[in-house]
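Numbering (my numbering), first residue to last: 34 to 360.
Here a beta-carbon is modelled for each residue, glycine too, at the ideal position from N, C-alpha and C.
Take a look at the structure below.
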Ligand SMILES: [Zn+2]
């Protein structure tokens, strides 16, 4: 098995630490993800998200551009071990050269001054997947909940079935498809999800979301959503966050397998991938960093999954989507 992980927050974590004067890099660090841990965990490709806390930074666009610069600084510092990829062919080349791959993503599509020209500029800067929203309405669409919104009694369990994609949001999604940027619906509200189903012509992803039938938080997908995603040829990444794995906050490896079992039952193996959320979530008890990914493979094997099925879940399904959408 080789791991393809659709989501982590490692680059912005490193950027924040460097801004605080700490000496930290990507090769070896105390975070959940570094290149040494990735090697040990048998990684083929890691998506590195530039997470921009819309509403908390003065200029979200400036923050995103600084994050992208940090991504390329880290790539330059470690070019013997990992290389950025912009196409499916680049991934193949890295495999041949025994080099790990890094795909640049945005976890906040609103960093574009409401202008598709800026979206195209992000493509030119190498961005190949974008979460349409994070936890704020952003001119593109609406999340299921907004932190600090006191009018909502239970943020984690509040779904938004009213506010979907804006007119601009729909144009944004169509332009992403035209360019070859993968649409990511994690964090998007339920109405927005169904708008994406309606208007997309290519597979899309929920990069870091689990099954709502197993853990009821609004960040996870309902069975109907999972089936729709499957029918679109898309894939969802299993998120290792305790709160998204289990309603009692007990995010064990057994719970990961439970989500995978359920998603397989509802739609099929082909819709399952990895979206760890490493370095964006609280430390896990059993699978605390990238080097430990083989533990999940062992658990899947023990649960009766074949080697071929485990390969698809750990990376093969996501690569299928990359092959189809990236140019
Ligand atoms: Zn997230």
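Checklist entry - Beta-carbon separation of residue 71 and residue 323 under 8 Å? => result yes
Item to check | Sequence ranges, beta strand (DSSP E) only - wholly within the stretch 194-245, length at least 3 | outcome: Fully enclosed beta strand (DSSP E) runs of 3 or longer: 215-217.
Next on the checklist: Helix, strand or coil for residue 258? Go by DSSP, reduced to three states.
Outcome noted: helix
Checklist entry - If you run the structure through DSSP and keep just helix, strand and coil, what is residue 138? => result strand
Checklist entry - ligand 1 heavy atoms versus the CB of residue 313: any closer than 7 Å? => result For residue 313, the shortest separation between its Cβ and any heavy atom of ligand 1 lies below 7 Å.
Next on the checklist: Measuring only from the beta carbon, is residue 219 closer than 7 Å to any heavy atom that is part of ligand 1?
Outcome noted: yes
Item to check | Completely contained alpha helix (DSSP H) runs for the stretch 40-107, where each covers 4 or more residues | outcome: 43-52 and 68-73
Checklist entry - I think residue 226 touches residue 265, with their Cβ atoms under 8 Å apart; what is that distance to the nearest whole Å? => result About 11 Å separates the two Cβ atoms, so there is no contact after all.
Checklist entry - What does DSSP give as the partner residues of residue 311 in its beta bridges? => result Answer by DSSP bridge pairing, in chain order: 41.
Next on the checklist: Can you look up residue 368 in the DSSP assignment and give me helix, strand or coil?
Outcome noted: Because the chain here runs from 34 to 360, residue 368 falls outside it and cannot be looked at.
Checklist entry - Can you name, in chain order, every residue of its own chain whose Cβ lies under 6 Å from the Cβ of residue 221, other than the five neighbours on each side? => result 165, 166 and 174
Next on the checklist: Less than 8 Å between the beta carbons of residue 44 and residue 103, yes or no?
Outcome noted: yes
Next on the checklist: Is it buried or exposed, residue 80, if we count other Cβ atoms within 10 angstroms and call 16 or more buried?
Outcome noted: Under this definition residue 80 is a buried residue.
Checklist entry - Is the stretch 244-252 touching the stretch 268-281 in the sense that three or more CB pairs, one from each, lie closer than 8 Å? => result At 8 Å Cβ cutoff, the stretches touch.
Checklist entry - DSSP state of residue 342, grouped into three classes? => result helix
Next on the checklist: Less than 7 Å between C-beta atoms, sequence neighbours within five positions excluded: which residues of the same chain meet that for residue 243?
Outcome noted: 253, 271, 272, 277, 278 and 292
Checklist entry - What do you reckon, are the CB atoms on residue 48 and residue 241 nearer than 8 Å? => result no
Next on the checklist: Could you tell me the alpha carbon to alpha carbon distance between residue 115 and residue 311, rounded to whole angstroms?
Outcome noted: 18 Å
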